[in-house]
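Residue numbers for the sequence shown follow the working numbering, beginning at 199 and rising by one.
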Amino acid sequence: MAIDRMMLDPTLDTYRKMLKDLQEQNITGEDMDKMAEIIARMEQLGNELSDINDFFGKVMQEDLFGKFSAHYTKALTSQYQAQNSENGGTYNDAALLKQCVDALKYAVTTIKDSYNKTIEDAKNFDAKEHKDKSIEYFEETTGTTVGKFFKKQAKKDLDKTLKEKPNAFDNSIEVAVLHDPELIIKGIQDLIDLGEQEGMTTPKFLRLQIETGLDKAMQGTSTFRKALEFQLDSTLANPTPWTLKLAEEKLRVFDELAAKNKFNIPNLKELELAHNDIDYIYERDIKIWDEIIERWKDLLGDLDVWSLSHCSFAPSIEPWRMARDPKQATIKTQKTTPGIFKQKEKLLKKYFGLNFMDVFTHPSFEWDVKYNYIEYSQEFTEFLIEKVYPQCVPLNSLNSDIINERASFYPTGSNPDRETNPHCNMYAKRLRDFYDSKFGKGRYDSKFGVINEINSAAKPWDWDSFKFKNKI
199 MAIDRMMLDP TLDTYRKMLK DLQEQNITGE DMDKMAEIIA RMEQLGNELS DINDFFGKVM
259 QEDLFGKFSA HYTKALTSQY QAQNSENGGT YNDAALLKQC VDALKYAVTT IKDSYNKTIE
319 DAKNFDAKEH KDKSIEYFEE TTGTTVGKFF KKQAKKDLDK TLKEKPNAFD NSIEVAVLHD
379 PELIIKGIQD LIDLGEQEGM TTPKFLRLQI ETGLDKAMQG TSTFRKALEF QLDSTLANPT
439 PWTLKLAEEK LRVFDELAAK NKFNIPNLKE LELAHNDIDY IYERDIKIWD EIIERWKDLL
499 GDLDVWSLSH CSFAPSIEPW RMARDPKQAT IKTQKTTPGI FKQKEKLLKK YFGLNFMDVF
559 THPSFEWDVK YNYIEYSQEF TEFLIEKVYP QCVPLNSLNS DIINERASFY PTGSNPDRET
619 NPHCNMYAKR LRDFYDSKFG KGRYDSKFGV INEINSAAKP WDWDSFKFKN KI
């Protein structure tokens, strides 16, 4: 299920408008194409994911904000490049030098104006107006009339969101931090200062900017490194071994290429090719790692649901209570899940060489325990492995002892929750701490809401005492 457009559009509209503003200035080129690709990727993530926190986590992991900022700055400074090359008529050195310097000053003014305007637009996003227009668009395109009750409920939901998350639709601080043009403006200002030196001529100006590397400094290279640092910090909040290596390697290569240049500025084309190579090298490992985790989580989930379906209260809880005949739905789960489980187990072996029990000695499982990515508590996971897994075979059902033990984990009545890892919200807390470190204390809560504590009676994971960490 895609993310609610009310949550997603304030972010996407900010970047769409930045791109549109440049298009209206008739700016074209590779950087414009790259910005369009980044926006398309954000839209893709918005459609693929269902949680806005996951969206921002993925966007920051892929450094889409930083990359957009770098290309945006380069596209703006390209105006200077174009104006500087359009020289004609009678040669007048003083006039030509002034033209070069004025073009640079214009670039600084344009960058500052665009930056301030973008912040203002992000700050003044009207969520209520956007909601009304979304309803109007829906009515126009579908020919369906939305009733007063729906409109009233939509307004109520929006008011509730703004009360709990007052900055849910305000991206002004994020824009201000991520697109701060100070570094690029400094490079341009250094060129302006050079051009205004006493006795400067156009040939000397052009020669010195190349000899001193000032022409490269205004290309936005400094913003690239800043973006790479942001990507690494984001990854460190919630890493996997391969995403961490990828982020570290990209920053290392940047510094390595910069060190080869006498101005400590890497060749951007060489840097792009090197980073593409790094993406290619780690792409396979990242995909395999993620796929293995997805599969073993799916298997544990099947054992969880299958065992729960045997409990007497199962017809009264989700997902079965939503069925037309809840009791029959639980029976169907009991009868069909083992066969499906065994097929999934075979596919895990076929594609990754892992049996079910191999999962718990695989590095991905220990890693997920270490970072509390795993949703289940240790005692419940051990119960699923030790008691439920051996019984999950076609045409078999759980005995009463196992059913009673399974029921004891589920939170019902006076029974506390022992299924859930009490620290499984650490992922969100680390993301919150990273977010606040970049955008200000309390910013995360004001945009995404306060992270709920986990009400679980289970003990935190202790890897050293985990029964199945060694091969049996």
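Glycine residues also receive a C-beta, built at the ideal position from the N, C-alpha and C atoms.
Given the structure, does Ser644 come close to the ligand NAP, in the sense that its CB is under 8 Å from one of the ligand's heavy atoms? What this structure holds is no ligand at all, so the ligand NAP is not there to describe.
Using 8 Å as the cut-off, can you tell me whether the region 571-586 makes contact with the region 656-666, which would need three or more C-beta pairs spanning the two stretches below that distance? At 8 Å Cβ cutoff, the stretches touch.
Using the Cβ count rule (16 or more neighbours within 10 Å means buried), how would you classify Asp500? Counting Cβ neighbours within 10 Å, Asp500 comes out buried, since at least 16 surround it.
Report yes if the C-beta distance between Thr316 and Val373 is below 9 Å; otherwise report no. Annotated as proximal: Thr316 and Val373, with beta-carbon spacing under 9 Å.
Exposed or buried, Lys326, counting other C-beta atoms within 10 Å across all chains shown (16 or more means buried)? Per the 10 Å Cβ criterion, exposed.
State the DSSP-derived secondary structure class of Asn285, mapped to helix, strand or coil. No answer about Asn285 holds up, because its pLDDT of 49 lies below 50 and its placement is not dependable.
Have a look at Arg482 and Ser510 and give me their C-alpha separation to the nearest angstrom. Each residue's CA atom was taken as its position, placing Arg482 and Ser510 some 45 Å apart.
Should Asn224 be labelled buried (16 or more other beta-carbon atoms within 10 Å of its own) or exposed? So Asn224 ends up on the exposed side.
For a test of the three-state rule: what should DSSP assign to Thr438, helix, strand or coil? Of the three classes helix, strand and coil, the one that applies to Thr438 here is coil, per DSSP.
Quick check for students: name the residue ranges of the alpha helix (DSSP H) that lie wholly in the region 526-591, counting only runs of 4 or more. Taking only runs of at least 4 residues, the alpha helix (DSSP H) segments lying wholly in the region 526-591 are 561-568 and 576-581.
With a CB to CB cut of under 8 Å and the five nearest residues on each side skipped, what residues in its chain are close to Val451? These residues qualify, in order along the chain: Leu469, Ala472, His473 and Ile476.
What does DSSP give as the partner residue(s) for Thr618 in the beta ladder? According to DSSP, Thr618 bridges with Tyr574.
Check whether Lys657 and Ser575 have beta carbons under 9 Å apart: Result yes, Cβ atoms of Lys657 and Ser575 sit closer than 9 Å.
Which one or two residues does DSSP pair with Asn613 in a beta bridge? According to DSSP, which records beta bridges pairwise, Asn613 is partnered with Thr610.
What is the C-beta distance between Ala200 and Leu217, in whole angstroms, given that I count them as a contact (C-beta under 8 Å)? Actually they are not in contact, since the Cβ atoms of Ala200 and Leu217 sit about 22 Å apart, beyond 8 Å.
Helix, strand or coil: which one does DSSP assign to Val648? Coil, per DSSP.
Would you mind reading off the limits of the alpha helix (DSSP H) that contains Lys467? Here the alpha helix (DSSP H) through Lys467 covers Leu466 to Ser507.
Exposed unless 16 or more other CB atoms sit within 10 angstroms - verdict on Met555: The residue in question, Met555, is exposed, as its Cβ has fewer than 16 Cβ neighbours within 10 Å.
Going by DSSP in three states, Phe461 sits in which element: helix, strand or coil? In the structure shown, the three-state DSSP call for Phe461 is coil.
Taking the C-alpha atoms as reference points, what is the distance between Glu362 and Asp330? Distance between the alpha carbons of Glu362 and Asp330 is about 21 Å.
Arg379 and Tyr304 look like a contact to me (Cβ under 8 Å); what is the Cβ gap, rounded to whole Å? The amino acid at residue 379 is misidentified as Arg; the sequence shows Pro. In this structure Pro379 is not in contact with Tyr304, their Cβ atoms being roughly 14 Å apart against a cut-off of 8 Å.
Can you grab the Cα-Cα spacing for the pair Glu492 / Leu545, in whole Å? Approximately 13 Å, taken between the alpha carbons.
From Asp300 to Lys402, what does the alpha carbon distance come to, in whole angstroms? For the pair Asp300 and Lys402, the Cα-to-Cα distance works out to about 17 Å.
Compare the Cα-Cα distances from Leu412 to each of Thr212, Leu442 and Leu302 and report the closest residue. Check the Cα spacing between Leu412 and each of Thr212, Leu442 and Leu302: the tightest is with Leu302.
Drop a sphere of 10 angstroms on the beta-carbon of Asp261, count the other beta-carbons inside from all chains shown, and report buried for 16 or more, exposed for fewer. If you draw a 10 Å sphere on the C-beta of Asp261, you find 16 or more other C-beta atoms in it, and that means buried.
Should Val306 be labelled buried (16 or more other beta-carbon atoms within 10 Å of its own) or exposed? That one is buried.
Using 9 Å as the threshold, is the C-beta distance between Phe263 and Ile237 below it? The answer is no: Cβ separation not under 9 Å.
Please report the distance separating the alpha-carbon of Asn678 from that of Ser332. Because residue 678 is not part of the residues shown, which for the chain are 199 to 670, the question remains open.
Short check: CB of Leu426 to CB of Ala445, under 9 Å? Going by C-beta atoms, Leu426 is nearer than 9 Å to Ala445.
Per-residue DSSP class, three states only, for Glu409: Looking at Glu409 - three-state DSSP - the assignment turns out to be helix.
Give every residue of the same chain whose Cβ lies closer than 8 Å to the Cβ of Leu596, excluding the five residues on either side of it in the sequence, and list them in chain order. Result list for Leu596: Ser505, His508, Val586, Gln589 and Arg604, in chain order.
Given Thr531, which residues of its chain have a CB within under 6 Å of its CB, disregarding the five upstream and five downstream residues? For Thr531, where only same-chain residues beyond five positions count, the Cβ hits under 6 Å are Ser507.
Of the residues Asn436, Thr342, Lys349 and Asp324, which one's Cα is nearest the Cα of Asn365? Cα-wise, what sits closest to Asn365 is Asp324.
Considering only C-alpha positions, which residue in the set Gln395, Tyr213, Asp252 and Tyr480 is nearest to Phe571? The question names Phe, but residue 571 is Tyr in the sequence shown. Closest by alpha carbon: Asp252.
Coarse secondary structure for Tyr213, derived from DSSP in three states: Looking at Tyr213 - three-state DSSP - the assignment turns out to be helix.
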